[in-house]
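Participant:
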Amino acid sequence: MFDRKRILLDLYSRLYEAFGPRHWWPGDSPFEIAVGAILTQNTAWRNVRKAIDNLKTASLLSPDALYHLPIQDLAAVIRPAGYYNIKAQRLKHFVEFLFLENGGDLEGLLTEALDTLRNKLLSIKGVGPETADSILLYAGTRPTFVVDAYTRRILFRHRLMPQEASYDEVRFFFMDCLKPDVAMFNEYHALLVHLGHTFCSKRNPKCTECPARGWNDE
DNA sequence: TGCCAGGCCGGGT
DNA sequence: ACCCGGCATGGC
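First residue of the first sequence: 42, per my numbering; consecutive thereafter.
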């Protein structure tokens with residue numbers, strides 16, 4: 042019998058025992074976390090780190106500062122994160138949304154009802170489902186599950202989801218099986234990313250030495 | 001050297 | 001409703 046809930050809890054235990062707490066998300070404030078969520082779209086975190094350091098050094102890591110900064114200047118500062126022209130636009134869209142919606146107050150906004158807030162975030166051009174869920178979970182400590190490329194690859198390799206499953210299908214798979222626990226959702230996603238970085242990467246298609254290996258395989 | 005990284009959008013079928 | 005090209009830097 043295919044007990045999905047038990048399988049997901051078992052995977053979580055294995056990852057936690059293997060890797061320990063990940064202490065996510067790296068960031069000092071909700072706004073920094075939200076900016077990081079946009080900058081890390083299809084981009085290695087080490088490059089995002091450089092861009093965020095540049096913003097901090099220039100005292101630009103606030104809604105007000107980014108709102109008033111010319112977009113060309115913003116693009117230049119975040120250059121190490123890649124896609125810098127697109128991402129400068131997306132950050133502008135995000136802070137314009139913050140002022141339009143709640144006077145530039147992200148933290149206040151993050152206390153609104155989860156589903157309507159998620160839809161509001163998704164309406165921002167440049168904020169898709171993963172970015173929205175990352176902001177909600179890691180900046181807002183709200184109980185939503187973040188799905189990314191690693192999550193899908195790991196679930197596919199362990200035969201838990203088909204490769205072509207949609208974002209919402211994978212998200213629902215987790216949220217339907219697990220209690221809405223912010224700390225656990227936080228840790229679970231971070232552990233999946235760590236597994237994706239180490240043993241379940243594209244460069245290691247056989248998942249050699251994977252701590253979850255032989256667990257739900259044939 | 002080429003491939004990959006914590007996506008998303010817009011235009012074409 | 002899908003499919004695909006574009007976006008760009010830095011590390012291995």
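Ideal placement from N, C-alpha and C gives every residue a C-beta, glycine not left out.
1) Name the two residues that bound the continuous alpha helix (DSSP H) containing E228.
2) Helix, strand or coil: which one does DSSP assign to Y124?
3) Using DSSP with H/G/I as helix, E/B as strand and the rest coil, what is L145?
4) Whose C-beta lies closer than 6 angstroms to the C-beta of P170 among residues of the same chain, with five residues either side of it excluded?
5) Go to H109, then tell me how far its alpha helix (DSSP H) extends in each direction, as first and last residue.
6) Whose C-beta lies closer than 7 angstroms to the C-beta of G61 among residues of the same chain, with five residues either side of it excluded?
7) Between H134 and T81, what straight-line distance do the alpha-carbon atoms span, to the nearest angstrom?
8) Report, in whole angstroms, the separation of the C-beta atoms of A99 and I112, which I expect to be a contact under 8 angstroms.
9) Using a Cβ-Cβ cut-off of 6 angstroms (strictly less than) and excluding sequence neighbours within five positions of G181, which residues of its own chain qualify?
10) If you follow the alpha helix (DSSP H) that F214 is in, where does it begin and where does it stop?
11) Using only the alpha-carbon positions, how far apart do R131 and L50 sit?
12) Can you give me the Cβ contacts of R159 inside the same chain, cut-off strictly under 8 angstroms, excluding the 5 residues immediately before and after it?
13) By alpha-carbon positions, which one of N245, P67 and E58 ends up nearest to D94?
14) Going by DSSP, what residue range makes up the alpha helix (DSSP H) through K243?
15) What are the start and end residues of the alpha helix (DSSP H) that includes W86?
16) Quick one: Cα of V187 to Cα of V89, how far?
17) What residue from I165, Y57, K46 and I48 has the CA that sits closest to H235's CA?
Facilitator: The relevant details are as follows:
1) V223 to T239
2) coil
3) Note on residue identity: the sequence assigns Gly, not Leu, to residue 145. In this structure, G145 counts as coil in the three-state DSSP scheme.
4) Y208
5) P104 to H109
6) none
7) 16 angstroms
8) Actually they do not touch by this definition, with Cβ atoms about 15 angstroms apart.
9) If we look at G181 and ignore the five residues flanking it on each side, its Cβ neighbours are L151.
10) Y208 to C218
11) 36 angstroms
12) Exclusion of the five residues before and after R159 leaves A173, D174, L177 and T185 as the residues of its chain whose Cβ lies within less than 8 angstroms of its Cβ.
13) P67
14) It is not in any alpha helix (DSSP H) - K243 carries neither H nor E in the DSSP assignment.
15) W86 to T98
16) Cα to Cα, V187 sits roughly 19 angstroms from V89.
17) If we check each option's Cα against that of H235, Y57 comes out closest.
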